[in-house]
Amino acid sequence: MLQETCPVCGTPLFRRGKETFCAKCNQPVAIIKNAEDESRLMAEKVLENSEQTLLAKIQEMNTALKSEKDPEKLAAYGNALTSWLDAIEKLRRLRERPS
Ligand SMILES: [Zn+2]
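Numbering (the numbering used here), first residue to last: 8 to 106.
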């Protein structure tokens with residue numbers, strides 16, 4: 008049993024695997040201790056969403072790239088790909104930063 012209680016029903020929470028769980032509500036609970044935690048959680052969400060968007064774009068570009076013959080466009084795709092991959096690498100590094 009943990010010290011924290013469920014924000015919905017007030018029952019003490021349990022740790023179940025990686026998540027915090029309320030037995031009474033029968034669902035996982037995200038514990039936000041303070042504003043700093045909250046903004047960190049929000050930042051993580053934003054970084055995660057950005058990475059998803061970039062990966063989706065890379066996949067779209069990969070499809071376009073397969074049928075592209077124009078060398079200028081190919082070079083432009085290449086540049087875009089490089090900067091998107093850089094961005095993903097940075098996003099991942101930010102997310103892995105110990106809190
Ligand atoms: Zn509860």
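Think of the CB as a built atom: it goes at the ideal place given N, C-alpha and C, for glycine as much as any other residue.
Simplified DSSP state of residue i, which is helix, strand or coil
{"i": "Thr27", "result": "strand"}
{"i": "Pro78", "result": "helix"}
Residue span of the alpha helix (DSSP H) that contains residue i, given as start and end
{"i": "Asn69", "result": "42-74"}
Residue(s) in a DSSP beta bridge with residue i
{"i": "Pro35", "result": "Phe28"}
{"i": "Thr18", "result": "Beta-bridge pairing links Thr18 to no other residue."}
{"i": "Thr12", "result": "Pro19"}
Review point. Can you list every residue whose CB sits closer than 6 angstroms to some heavy atom of ligand 1, going in chain order?
Key: Cys13, Val15, Cys16, Thr18, Cys29, Lys31, Cys32
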